[in-house]
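Below you'll find the structure, written out as structure tokens, and then a few comments.
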Amino acid sequence: MPWTRDQMAERAAKELEDGFYVNLGIGMPTLVANYIGEDIDVTLQSENGMLGMGPFPADDEVDADLINAGKQTITELKRTSYFSSADSFAMIRGGHIDLSILGAMEVAENGDIANWMIPGKMVKGMGGAMDLVAGVKKIIVLMDHTNKKGESKFLKKCSLPLTGTNVVDMIVTDLGVFQRPDHDSKFRLIELAPDVSVEEVREKTEADIDVAV
Amino acid sequence: MPWTRDQMAERAAKELEDGFYVNLGIGMPTLVANYIGEDIDVTLQSENGMLGMGPFPADDEVDADLINAGKQTITELKRTSYFSSADSFAMIRGGHIDLSILGAMEVAENGDIANWMIPGKMVKGMGGAMDLVAGVKKIIVLMDHTNKKGESKFLKKCSLPLTGTNVVDMIVTDLGVFQRPDHDSKFRLIELAPDVSVEEVREKTEADIDVAV
Amino acid sequence: MANKLYDDAAAALEGLLFDGMTVMAGGFGLCGIPEKLIAALRDSGTKDLTCISNNAGVDDFGLGLLLQTRQIRKMISSYVGENKEFERQYLGGELELEFNPQGTLAERCRAGGAGIPGFFTKTGVGTLVAEGKEHKDFGGETYIMETGLTADVSLVKAWKADPAGNLVYRKTARNFNPVMATAGTVTVVEVEELVGPGELDPDHIHTPGIFVQRLIVGRDYEKRIEQRTVRAATGSEG
Amino acid sequence: MANKLYDDAAAALEGLLFDGMTVMAGGFGLCGIPEKLIAALRDSGTKDLTCISNNAGVDDFGLGLLLQTRQIRKMISSYVGENKEFERQYLGGELELEFNPQGTLAERCRAGGAGIPGFFTKTGVGTLVAEGKEHKDFGGETYIMETGLTADVSLVKAWKADPAGNLVYRKTARNFNPVMATAGTVTVVEVEELVGPGELDPDHIHTPGIFVQRLIVGRDYEKRIEQRTVRAATGSEG
Numbered sequence: 001m002p003w004t005r006d007q008m009a010e011r012a013a014k015e016l017e018d019g020f021y022v023n024l025g026i027g028m029p030t031l032v033a034n035y036i037g038e039d040i041d042v043t044l045q046s047e048n049g050m051l052g053m054g055p056f057p058a059d060d061e062v063d064a065d066l067i068n069a070g071k072q073t074i075t076e077l078k079r080t081s082y083f084s085s086a087d088s089f090a091m092i093r094g095g096h097i098d099l100s101i102l103g104a105m106e107v108a109e110n111g112d113i114a115n116w117m118i119p120g121k122m123v124k125g126m127g128g129a130m131d132l133v134a135g136v137k138k139i140i141v142l143m144d145h146t147n148k149k150g151e152s153k154f155l156k157k158c159s160l161p162l163t164g165t166n167v168v169d170m171i172v173t174d175l176g177v178f179q180r181p182d183h184d185s186k187f188r189l190i191e192l193a194p195d196v197s198v199e200e201v202r203e204k205t206e207a208d209i210d211v212a213v
Numbered sequence: 001m002p003w004t005r006d007q008m009a010e011r012a013a014k015e016l017e018d019g020f021y022v023n024l025g026i027g028m029p030t031l032v033a034n035y036i037g038e039d040i041d042v043t044l045q046s047e048n049g050m051l052g053m054g055p056f057p058a059d060d061e062v063d064a065d066l067i068n069a070g071k072q073t074i075t076e077l078k079r080t081s082y083f084s085s086a087d088s089f090a091m092i093r094g095g096h097i098d099l100s101i102l103g104a105m106e107v108a109e110n111g112d113i114a115n116w117m118i119p120g121k122m123v124k125g126m127g128g129a130m131d132l133v134a135g136v137k138k139i140i141v142l143m144d145h146t147n148k149k150g151e152s153k154f155l156k157k158c159s160l161p162l163t164g165t166n167v168v169d170m171i172v173t174d175l176g177v178f179q180r181p182d183h184d185s186k187f188r189l190i191e192l193a194p195d196v197s198v199e200e201v202r203e204k205t206e207a208d209i210d211v212a213v
Numbered sequence: 001m002a003n004k005l006y007d008d009a010a011a012a013l014e015g016l017l018f019d020g021m022t023v024m025a026g027g028f029g030l031c032g033i034p035e036k037l038i039a040a041l042r043d044s045g046t047k048d049l050t051c052i053s054n055n056a057g058v059d060d061f062g063l064g065l066l067l068q069t070r071q072i073r074k075m076i077s078s079y080v081g082e083n084k085e086f087e088r089q090y091l092g093g094e095l096e097l098e099f100n101p102q103g104t105l106a107e108r109c110r111a112g113g114a115g116i117p118g119f120f121t122k123t124g125v126g127t128l129v130a131e132g133k134e135h136k137d138f139g140g141e142t143y144i145m146e147t148g149l150t151a152d153v154s155l156v157k158a159w160k161a162d163p164a165g166n167l168v169y170r171k172t173a174r175n176f177n178p179v180m181a182t183a184g185t186v187t188v189v190e191v192e193e194l195v196g197p198g199e200l201d202p203d204h205i206h207t208p209g210i211f212v213q214r215l216i217v218g219r220d221y222e223k224r225i226e227q228r229t230v231r232a233a234t235g236s237e238g
Numbered sequence: 001m002a003n004k005l006y007d008d009a010a011a012a013l014e015g016l017l018f019d020g021m022t023v024m025a026g027g028f029g030l031c032g033i034p035e036k037l038i039a040a041l042r043d044s045g046t047k048d049l050t051c052i053s054n055n056a057g058v059d060d061f062g063l064g065l066l067l068q069t070r071q072i073r074k075m076i077s078s079y080v081g082e083n084k085e086f087e088r089q090y091l092g093g094e095l096e097l098e099f100n101p102q103g104t105l106a107e108r109c110r111a112g113g114a115g116i117p118g119f120f121t122k123t124g125v126g127t128l129v130a131e132g133k134e135h136k137d138f139g140g141e142t143y144i145m146e147t148g149l150t151a152d153v154s155l156v157k158a159w160k161a162d163p164a165g166n167l168v169y170r171k172t173a174r175n176f177n178p179v180m181a182t183a184g185t186v187t188v189v190e191v192e193e194l195v196g197p198g199e200l201d202p203d204h205i206h207t208p209g210i211f212v213q214r215l216i217v218g219r220d221y222e223k224r225i226e227q228r229t230v231r232a233a234t235g236s237e238g
């Protein structure tokens with residue numbers, strides 16, 4: 001049985017290590033915050049200018065001056081600091097964030113990622129996605145394995161305009177986990193969702209991968 | 001009678017305008033602060049990271065964490081702000097300072113300035129001088145008209161290594177004041193110290209200048 | 001001290017506006033936007049604006065107000081997803097759009113204010129963003145050159161100011177405001193509170209007064225929230 | 001939370017030092033220098049250092065301590081005028097020296113920390129500083145390219161820290177410290193006071209804890225003054 005969105009988030013959360021500074025993308029990656037182990041301490045960065053992001057506020061704590069990159073109201077912690085957008089992206093682009101978990105429309109076997117633009121559709125903009133994939137030390141993609149038509153999103157080559165080239169380190173889909181030790185290596189299937197077979201993954205994966213399960 | 005150092009500083013101070021943000025170089029230019037008119041309000045910048053520099057402290061106010069770019073102990077004002085060296089020079093190099101008054105070893109008729117290095121002597125470094133002449137809107141040089149050997153310091157061409165090229169707007173020496181309206185124009189003698197003649201200035205000036213006194 | 005304080009937003013913009021000008025406006029989404037100054041810019045009727053702002057507001061608030069009145073000719077932004085009117089005008093060819101990665105946009109504004117006409121970044125290499133830009137290798141990696149941005153007028157929202165124009169921002173309402181404050185030929189600022197000289201701690205001023213030419217105190221801030229997300233009220237701290 | 005606090009300067013530097021390494025040290029003159037960490041670096045005996053620091057200390061304080069022991073092979077500075085031992089070693093060919101304009105030095109450190117490998121500046125155009133550097137025209141003016149700087153270890157002095165490594169600096173002791181804090185592969189910080197979690201106002205933190213890997217609390221700061229200038233005691237305020 002493929003993983004649910006929450007199970008995917010829970011699996012991705014296992015990649016967090018004690019002391020990590022982490023940026024979670026908008027959408028499904030936000031769910032990862034719900035699964036951070038209690039034995040580890042992780043600091044969340046929000047690219048609109050905050051380090052040390054807390055949970056959503058109680059109803060009477062809502063503050064219009066305190067939002068995350070998804071424009072959601074949030075809270076601060078006892079470790080929180082605020083800074084400008086320039087300082088925030090200096091932090092991101094300077095390689096100071098340990099890990100970013102992002103959604104994607106497509107990932108290619110060489111680590112290319114496309115997650116901002118579908119030609120012919122109205123383009124909303126890349127926001128901070130290009131900065132994150134270019135600057136953060138480790139990039140994990142959290143996405144459904146196939147699109148609504150059942151076509152693989154893990155491809156030989158991305159068909160959509162790219163967000164970054166050769167930047168993805170790990171992919172967590174509803175079917176399993178794909179990892180590579182460095183940017184010159186092939187992705188390897190290292191974990192399967194319950195009752196998902198290697199054959200099913202192969203069938204639904206256009207990318208050329210190794211299997212290590 | 002040529003101007004004294006204090007009279008030169010007093011003359012240079014007349015170039016300050018109400019609301020100006022000003023950086024005064026180390027040495028003689030520091031004296032300019034003593035002659036700021038009481039009817040105008042000027043904010044002094046110190047490139048080590050301070051805007052709104054106050055006077056020297058009283059003996060019991062001395063604070064090792066509060067110095068100017070000449071490493072002298074100073075005080076803060078009710079308008080003071082502190083910032084990093086990067087932000088300080090972003091301010092300087094971004095063209096936000098209205099005026100800087102600097103010393104010089106040589107100035108050339110095309111506005112070149114040399115004030116940091118004498119070949120063969122131990123070089124102490126340019127500090128912030130190259131940034132100031134490149135970034136500040138208006139540059140006034142305050143210097144003796146001749147060196148210890150009686151040779152002109154206002155030259156056709158600088159002989160010493162340059163601090164900046166075509167950057168000087170005005171020169172105040174012990175003999176008079178030289179100005180140009182823009183960086184394509186010739187310097188004009190616009191003012192003489194008491195009892196100094198145009199002939200004396202011409203004699204002691206290697207640079208080709210216009211005379212307008 | 002030269003007086004920087006103006007009676008209201010209209011007075012603060014007087015003499016600064018002209019058709020075809022470039023305006024920077026701070027804010028991220030609707031957080032920390034210069035509400036009063038945007039409204040006054042709308043009321044001025046100034047046309048053919050190039051607006052540099054991370055987002056384009058929503059249909060009836062923020063820069064969306066200037067889209068309604070078709071005062072904007074071009075947007076330079078990183079994300080404009082919240083605005084239907086924007087979409088309509090863009091798809092109809094009435095509006096130019098230049099997308100910048102968010103960090104590139106922020107750094108371009110900082111560079112413009114700091115006298116840096118160009119800088120290199122890894123962001124966007126190999127993407128549409130890199131097309132037509134200079135590529136250069138440093139240490140075996142490829143970077144692209146991005147240029148500094150300045151504006152005829154920067155519109156900035158801060159929390160508090162003193163009469164010298166020193167500014168303090170509040171929480172994530174800071175965002176693009178400090179860098180845009182440095183990049184305007186003239187920077188006009190609105191604040192929620194004006195404090196007396198010396199009341200701001202000089203170690204904690206975010207924007208030194210040198211960057212602020214004009215200043216107003218706004219009243220009755222709307223501070224609209226785009227995504228009001230709450231949890232059940234329980235104590236929590238980390 | 002990952003513990004960043006170390007017992008003393010020697011412990012904080014343990015495992016980080018190697019001959020030939022590059023070290024950044026904050027401070028302007030003797031103001032805001034990492035006194036304790038410099039002393040511990042001296043005691044470590046690490047040799048052939050490249051030191052990036054605005055100044056080189058005085059003969060018996062600051063980086064001058066490392067000159068006395070000949071641990072420094074090369075200095076990257078903007079001004080070294082206060083140091084006789086420096087002059088002696090430099091003129092004797094025992095010491096390499098790279099002068100950077102002060103603003104270029106600060107911006108190079110910021111760039112290094114921000115992932116910017118190169119940027120253009122007007123500073124130094126037409127001078128010795130420009131020799132061998134790429135020149136480029138923007139808007140009819142000539143600029144030169146300068147590169148980003150990073151260090152194996154950055155030594156930083158702040159005023160206060162919290163356990164997360166958030167830092168606040170005091171007055172002009174801030175200077176190069178914040179940018180150097182961003183540019184070290186490992187950044188080691190000494191502070192005068194450690195405060196509890198939440199005691200620093202999150203709007204007023206100068207260096208977010210992400211840039212700080214190790215932290216010590218120093219005692220008995222010497223804070224030597226180079227030019228003690230005073231006036232007769234009279235009230236004055238502007």
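Residue numbers (full-length UniProt numbering), protein chains in the order written: chain S, 1 to 213; chain D, 1 to 213; chain C, 1 to 238; chain U, 1 to 238. In this text, a Cβ means the ideal position worked out from N, Cα and C, and glycines have one as well.
Assigned with DSSP and collapsed to three states, tyrosine 143 of chain C falls in strand.
In the displayed model, leucine 66 of chain S falls within coil according to three-state DSSP, outside both helix and strand.
Going by beta carbons, isoleucine 97 of chain D and glutamine 45 of chain D fall inside the 8 Å limit. Inclusion of isoleucine 140 of chain S and aspartate 182 of chain S in the CB contact set at 8 Å is not warranted, their separation being larger than that value.
DSSP, read as helix, strand or coil, puts cysteine 31 of chain U in strand.
Two segments are said to touch when three or more pairs of C-beta atoms, one from each, lie closer than 8 Å; by this definition the region 82–98 of chain D touches the region 101–113 of chain U. Taking a contact to require three or more Cβ pairs closer than 8 Å, the region 3–22 of chain D and the region 33–41 of chain D qualify as touching.
By the beta-carbon neighbour count (other beta carbons within 10 angstroms, threshold 16), asparagine 23 of chain S is buried. From the beta-carbon of asparagine 48 of chain S, the residues of chain C found nearer than 7 Å are Phe28, Thr172, Asn175. Looking only at C:Lys122, C:Val156, C:Tyr79, C:Phe28, the smallest Cα-Cα distance to histidine 206 of chain C is reached by C:Val156.
An exposed status is given to methionine 1 of chain D, since fewer than 16 other beta-carbon atoms sit within 10 Å of its beta-carbon. Inclusion of methionine 122 of chain S and leucine 160 of chain S in the CB contact set at 8 Å is not warranted, their separation being larger than that value.
The beta carbon of glycine 139 of chain U sits closer than 8 Å to some beta carbon of chain C. Taking C-beta separations shorter than 8 Å and ignoring five residues to either side along the sequence, the partners of asparagine 166 of chain D in its chain run Asn110, Gly111, Asp112, His183, following chain order.
Interface flag for aspartate 59 of chain C against chain D is unset, since no Cβ pair is found closer than 8 Å. Contact of leucine 66 of chain S with chain C by beta-carbon distance below 7 Å involves Lys171, Thr172. Taking 7 Å as the upper bound on Cβ-Cβ separation, chain D lies near residues Thr121, Lys122, Thr123, Gly124, Val125, Gly126, Thr127, Leu128, Val129 of the region 118–149 of chain U. Relative to methionine 75 of chain C, the option among C:Asp48, C:Lys84, C:Asp59 whose CA is nearest is C:Asp48. Interface residue (Cβ-Cβ distance to chain U less than 8 Å): glutamate 76 of chain S is classified as such.
Straight through space, the alpha carbons of lysine 4 of chain C and aspartate 18 of chain D are spaced by roughly 12 Å.
Secondary structure at arginine 93 of chain D: helix, using DSSP grouped into helix, strand and coil. Apart from sequence neighbours up to five positions away, the residues of its chain that approach valine 136 of chain S with a beta-carbon distance below 7 Å are Asn23, Ile92, Ile97, Leu99, Ser100, ordered along the chain. With the criterion set as a beta carbon lying under 8 Å from some beta carbon of chain C, the members of the region 8–42 of chain D are Asp18, Gly19, Tyr21, Asp41, in sequence order. Each residue's CA atom was taken as its position, placing alanine 134 of chain D and valine 195 of chain C some 35 Å apart.
Along the region 97–117 of chain U, the positions whose C-beta sits under 7 Å from a C-beta of chain S are Gly113, Ala114, Gly115, read in chain order. For aspartate 203 of chain U, the chain C residues whose C-beta falls within less than 9 Å of its own C-beta are Trp159, Val168, Tyr169, Arg170, Lys171, Arg174, His204, His206, listed in chain order. Beyond the five residues adjoining it in sequence on each side, asparagine 175 of chain U comes within less than 6 Å, by CB distance, of Phe28, Gly32 in the same chain, given in chain order. Secondary-structure assignment with DSSP links lysine 136 of chain C through a beta bridge to C:Tyr143. By the rule that beta-carbons nearer than 8 Å mark a contact, threonine 22 of chain U does not touch chain S. Taking each of U:Gly62, U:Lys223, U:Glu94, U:Gln71 in turn and checking the Cα distance to asparagine 83 of chain U, the smallest one comes out for U:Gly62.
When the beta-carbon positions are compared, methionine 21 of chain U and aspartate 152 of chain U come within less than 8 Å of each other.
The three-state secondary structure of glutamate 17 of chain S, taken from DSSP, is coil. With respect to glycine 49 of chain D, arginine 79 of chain D sits apart: the two C-beta atoms are not nearer than 8 Å.
In this structure, the beta-carbon distance from lysine 149 of chain S to alanine 207 of chain S does not fall below 8 Å.
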